[in-house]
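K.L.:
Quick note, the numbering used here runs 528 ahead of the 1-based positions in the sequence shown.
By construction, the Cβ of each residue, glycine as well, lies at the ideal position given by its N, Cα and C atoms.
Dumping the structure here so I can ask a few things about it.
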Amino acid sequence: MQLIIGNHNYSSWSLRAWLMLRHFDLAFDTTRIALFTPGSAEQIKAYNPAGKVPVLLDNGTTVWDSLSICEHISQMHLQNKGWPSDPSLRAHARSSCAEMHSSFMALRHAMPMNCRRHVDNFTVSADVQQDIERIHTLWREALTQSGSEQFLYGDFSIADAFYAPVVFRLTGYGVKLPTQLQAYCDRMLALPACQEWLSLAQQESEVIEAEEV
Ligand SMILES: N[C@@H](CCC(=O)N[C@@H](CS)C(=O)NCC(=O)O)C(=O)O
């Protein structure tokens, strides 16, 4: 497999797809395209006419958009273990991912993923606070319903990959979290794959001024 991604520091959608492959130790090559640099849009379009990363090339099949890439990886390479096996938990996990994919605009705009940045006194506006509280509710429901003391739905799932950029944002912007949720963030941050991504972000030097990547 070949995964085309953007900058490790900024590309939250790329992180989701990469984390699925890396955490489950699947074999793949990474092609990194530094976003918003001369020629980068054309480079991305050569893989994906929609002009966005991530893109996965798998044995002649092109898959684009992070959610369908994660679904594809789960179905084709993980015997569907990207989702919880319990139907009710699976429905919750799928809904949480779809909600991440389509919502939380205030949080995404005000707190763009920037793995190298650590903010001490970030002011959380009312609409960002609303997004954070909704995420708290989702995480708490997931952890409680699954009885998990590890990942959101027990074993690592697509949902953890999907919320990994939120973990990076909440911790990077110094948002104070309830104990149960801070503990979840700590477990995610301790994952070797998350550590590897953060280290790759540290090694990059490009700076993007855009609010949301
Ligand atoms: N919904 C898409 C979003 C992809 C997306 O917005 N990717 C950003 C990088 S994180 C991108 O390619 N930006 C480049 C551009 O817009 O020119 C997904 O889930 O993959």
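#1: Check leucine 709 in the structure and name its three-state DSSP category.
#2: Leaving out five residues on either side along the sequence, give the residues of the same chain with a beta carbon under 7 Å from the beta carbon of leucine 671.
#3: Using beta-carbon positions only, say whether isoleucine 532 and serine 602 come within less than 8 Å of one another.
#4: Would you identify the three-state DSSP class for valine 695, choosing helix, strand or coil?
#5: Is it the case that the Cβ atoms of leucine 719 and histidine 536 are separated by a distance below 8 Å?
#6: May I ask you to verify whether the segment 558–570 touches the segment 602–619, counting CB pairs closer than 8 Å and requiring at least 3?
#7: Check each candidate in Ala545, Asn649, Gln731, Val695 and name the one with the smallest Cα separation from histidine 664.
#8: So glutamate 724 and arginine 550 are supposed to be a Cβ contact under 8 Å. How far apart are they, rounded?
#9: Quick check: phenylalanine 690 and methionine 628, are their CB atoms within less than 8 Å of each other?
#10: Given a cut-off of 8 Å on the beta-carbon distance, is the pair cysteine 598 and methionine 529 in contact?
#11: Is the beta carbon of alanine 574 closer than 8 Å to that of serine 568?
#12: Quick one: give me the first and last residue of the alpha helix (DSSP H) that valine 656 is part of.
#13: Under 7 Å from any heavy atom of ligand 2, does the C-beta of aspartate 553 make it?
#14: Examine ligand 1 and report whether any of its heavy atoms sits within less than 7 Å of the Cβ of alanine 574.
P.N.:
Put simply:
#1: Residue 709 sits at position 181 when you count from the first residue of the sequence shown. Note: leucine 709 maps to helix in three-state DSSP.
#2: Translated into positions along the sequence shown, residue 671 becomes position 143. These residues qualify, in order along the chain: Leu680, Gln708, Tyr712.
#3: Along the sequence shown, read from residue 1 onward, the residue named residue 532 stands at position 4. Along the sequence shown, read from residue 1 onward, the residue named residue 602 stands at position 74. Going by C-beta atoms, isoleucine 532 is not nearer than 8 Å to serine 602.
#4: Locating residue 695 in the sequence shown gives position 167, where the first residue counts as 1. The answer is helix: DSSP assigns valine 695 an H, G or I state.
#5: Reading the sequence shown from its first residue, position 191 is the one you call residue 719. Reading the sequence shown from its first residue, position 8 is the one you call residue 536. No, these two residues do not count as a Cβ contact at 8 Å.
#6: Output reads no: the segment 602–619 does not touch the segment 558–570.
#7: For the purposes of this step, residue 664 is taken as residue 136 along the sequence shown, with counting starting at 1. Considering only alpha carbons, the answer is Val695.
#8: Position 196 of the sequence shown, counting from 1, holds the residue named residue 724. Position 22 of the sequence shown, counting from 1, holds the residue named residue 550. Indeed, because the Cβ distance is near 7 Å, the residues count as touching under 8 Å.
#9: In the sequence shown, the residue the question calls residue 690 occupies position 162. In the sequence shown, the residue the question calls residue 628 occupies position 100. A contact, by the Cβ cut-off of 8 Å.
#10: For the purposes of this step, residue 598 is taken as the residue at position 70 of the sequence shown. For the purposes of this step, residue 529 is taken as the residue at position 1 of the sequence shown. No, Cβ-Cβ distance for cysteine 598 and methionine 529 is not below 8 Å.
#11: Along the sequence shown, one-based indexing puts residue 568 at 40. Along the sequence shown, one-based indexing puts residue 574 at 46. Result no, Cβ atoms of serine 568 and alanine 574 do not sit closer than 8 Å.
#12: Counting from 1 along the sequence shown, the entry for residue 656 is found at position 128. Here the alpha helix (DSSP H) through valine 656 covers 654–674.
#13: This structure lacks ligand 2; its bound ligands are ligand 1.
#14: One-based indexing of the sequence shown puts residue 574 at position 46. Not under cutoff, so the answer is no.
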